[in-house]
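First to last, the sequence lines map onto chains W and A.
Taken in order, the first sequence gives residues 4 to 418; the numbers are from my numbering.
Taken in order, the second sequence gives residues 1132 to 1304; the numbers are from my numbering.
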Amino acid sequence: MGLIDRIASQVIGRDVVAGEIAIVKVDIVYAQDGTAPLVIDVIENELNVGKLVAADRSYFFIDHLAPAPHVAAASIHKKMRSFAKKYGLKLFDAGYGISHQVVVEEGIVRPGMIVIGADSHTPTVGAIGAYATGVGSTDAAIAMAYGELWLRIPVTIKMVLTGTIPKGVYSKDIIHAIISEFKTDGMIGRAVEFHGDVLRRLSIDSRMTLTNMCTEMGAESAIVPVDEVTLKWLSEHGYTIARKIENFGEYIDTIPIDVSRLEPMIATPPDVDNVMSIGEIEGIEIDQVFIGSCTNGRLEDIEVAAKILRNRRISEGVRCIVAPASRKVYIEALRMGYIDILIEAGCIIAPPTCGPCVGAHMGLLAEGEVAVATTNRNFTGRMGHRESKVYLASPATAAASAIEGRIADPRKYLP
Amino acid sequence: MIKRGRCWKLGDNISTDHIISGKYKFEAINDINKMLIHLFEEVIPDFYKLVKPGDIVVAGRNFGKGSSREQAPRLLKIAGISAVIAKSFTHIFYRNSINIGLPVVIAKIIPDVTQTGDIIEINLVEGYVKNLTRYVVEFIQPYPKYIEQLIEVGGIVEYIKRYGGPPWQKDIR
Ligand code: SF4
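Encoded structure:
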């Protein structure tokens, strides 16, 4: 059994097998301002429950349209605030940051938990060793109202990352290479569990980029078992393991991934599995760069962008928007001086928000415009006009591209 | 549970954005029906005018990929779609559909032989899909008990309204 079925087994109190439908008590359930309105409708108008069994385990996030760019969003936010107050669940208002980032850095999600999020990138939080899966609004409403949910336990694939990470290559490039191999439906009905020597050199920040993008292969969940890196991170933050999981380690498939020969990898539109190495695509002219999102808006992402942009300027005619994934990330980046460097280089610093990633708020693209983004989706029209294009890249590649005004190799800017 | 209807054939990788673009989500705050005119607008122009109650969507791999937005299956159901058949579904779309009582059926052969306009019959209890226009039958995995009950009553919310709690709590009560 993999780590995910072991977590489910411990929660349920008997051994479950992959493929089985099981009723689980969920540890944490959350929704964001895109999915929460329907959660509220289902609870208030359809289920008619007076109170939420899981109120103390339920969270709302205002992150997609934060702060509100129009009246429609403002009314959604208002509705969320009054619902949260009435039912006694915690709401993280505009400014706190993106849900998946906040639940991890606040210690809400901890190793061994079962986590349900009404957002497709909920597997991100598996980086900390939790079994996390994305659901829709009705599921989130049921989980909040009854504290339980049916889950079909996914089959786990073990991915073993080996080799040495070359210069200029980051976890974003690794996951792009993996998606390029397994395609956007390669992990449907499955969960990905990461192993291998390479993990020892990947921080929690970097691991969250890996688990985040497993969604783009159709994976139901993604997880990194607790190891020394996790334990160190937990103790630095004063957090503990929620459930100690033992005796896992049987998988239907084990896939070795050698990272040694990777280059910076770019996912070209209109799908995340159209991956090319930097050499194949360098030179494409761009109008905008976006560094942020639940994929790559963390401290180490802003750090690498700042290192590349230090004493340099972004190209004339290019907008470079940087949105820290959370307030905590923002404060740290300020303290470290990264924000100064970025502003001096000509970047626009946005508040912690999803905004530009989903083409909902700020930094939208006009017809024919091209962007390099550190996000996770490059679908048609994702960041604005349907005739605009999004190339997905690591923060290093994004920063180098901002300097040149075209897709550029970050390796020449690295010390 | 037998569903019979005229088919709309689509290809691989139909995303929730193809079904209903994210930019319309905020119109749903008061009335999801307002979004109906945008259903499949980039894939099948005027779909909302052409669709008839009972119609069935048949698609290839990876149906419903992308966002977790539940408006996608809800709109299909409101438009009158009686089932979606595909080679594979992303799990969020699959769950969302079952939760609202829209049958979602995984079939490997039928999507290859079906054309728009064909008549399809699905038997969810005995477990088969027939293309009556082309005389092709494929056996499918019947639903587990919980899921069958949900589909039968029209979704998990309907189930709870009727029985006072989710299906798994019935034994407890
Ligand atoms: S940053 Fe983008 S991908 Fe992540 S939760 Fe927000 S909208 Fe979704």
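Cβ atoms here follow ideal geometry from the backbone N, Cα and C, with glycine treated the same way.
Predicted model only: the values in this text are computed from it and were never measured.
- Distance from the CA of Leu-345/W to the CA of Asn-1193/A, rounded to the nearest whole angstrom, comes to 40 Å.
- In this structure, the C-beta of Thr-378/W approaches the ligand SF4 to less than 7 Å from one of its heavy atoms.
- By the criterion of at least three beta-carbon pairs nearer than 8 Å, the region 322-335 of chain W is not in contact with the region 250-257 of chain W.
- Proximity of chain W to Asn-1227/A at the Cβ level (cut-off 9 Å) is accounted for by Val-138, Gly-139, Ser-140, Thr-141, Asp-142, in chain order.
- At a cut-off of 8 Å between beta carbons, Tyr-254/W makes no contact with chain A.
- DSSP places Phe-197/W in the uninterrupted beta strand (DSSP E) bounded by 193-198.
- Cys-297/W and Thr-212/W have their C-alpha atoms spaced approximately 8 Å apart.
- The criterion of a C-beta distance shorter than 8 Å is not satisfied by Gly-358/W and Ala-336/W.
- In this structure, DSSP gives Asp-290/W a state outside helix and strand, which the three-state scheme calls coil.
- Neighbours of Lys-1196/A in chain W, taken as residues whose beta carbon is under 8 Å from its own, are Thr-187, Asp-188, Gly-221 in chain order.
- Neighbours of Trp-153/W in chain A, taken as residues at a C-beta separation under 7 Å, are given in chain order as Tyr-1277, Trp-1299.
- DSSP lists no beta-bridge partner residue for Gln-104/W.
- For Val-1189/A, the closest of Asn-1144/A, Tyr-1179/A, Tyr-1290/A by C-alpha to C-alpha distance is Asn-1144/A.
- Chain order gives no chain W residues near Ile-1250/A, where near means a beta carbon separation below 7 Å; the closest approach is about 28 Å.
- Cβ neighbours of Gln-291/W within its own chain (closer than 6 Å, five residues either side excluded): Arg-322, Ala-374.
- Each residue's CA atom was taken as its position, placing Ile-181/W and Lys-89/W some 45 Å apart.
- Following the DSSP letters along the chain, one finds Cys-323/W inside the beta strand (DSSP E) bounded by residues 322-325.
- Taking a Cβ-Cβ threshold of 9 Å, the residues of chain W close to Asn-1193/A are Lys-186, Thr-187, Asp-188, Ile-191, Gly-221, in chain order.
- Approximately 19 Å separates the beta-carbon atoms of Gly-1258/A and Ile-1250/A; this is outside 8 Å, ruling out the contact.
- Among the residues of chain W, none has a CB under 7 Å from the CB of Gly-1211/A; the nearest is roughly 20 Å distant.
- In this structure, DSSP gives Gly-1153/A a helical state, which the three-state scheme calls helix.
- When the Cα atoms are used, Phe-1220/A and Gly-91/W turn out to be separated by approximately 35 Å.
- Distance from the CA of Leu-1281/A to the CA of Pro-413/W, rounded to the nearest whole angstrom, comes to 52 Å.
- Contact check for Gly-371/W against Glu-390/W passes: the beta carbons are separated by less than 8 Å.
- Cys-1138/A is bridged by DSSP to Ile-1187/A.
- Non-local beta-carbon contacts of Ile-1287/A in its own chain, meaning distances under 6 Å to residues more than five positions away in sequence, involve Asn-1230, Leu-1281 in chain order.
- Taking the CA atoms as reference points, Glu-1279/A sits about 38 Å from Ala-363/W.
- Rounded to whole angstroms, Arg-1200/A and Thr-136/W show a C-alpha spacing of 14 Å.
- In this structure His-67/W does not touch Val-275/W by the C-beta definition: roughly 20 Å separates them, more than the 8 Å allowed.
- With its beta carbon less than 8 Å from one in chain W, His-1222/A belongs to the interface.
- In this chain, the beta strand (DSSP E) harbouring Arg-155/W covers 151-155.
- Across the set Ile-131/W, Val-105/W, Glu-266/W, Thr-141/W, the C-alpha of Glu-266/W shows the shortest separation from the C-alpha of Gly-171/W.
- Taking 8 Å as the cut-off, the beta carbon of Ala-194/W is found no closer than this to the beta carbon of Ile-168/W.
- For Glu-239/W, the number of other beta carbons within 10 angstroms of its own is below 16, and it is reported as exposed.
- By DSSP's assignment, Met-162/W forms a beta bridge with Phe-197/W, Ile-258/W.
- Contacts with chain W at 8 Å (Cβ-Cβ) include Asn-1230/A.
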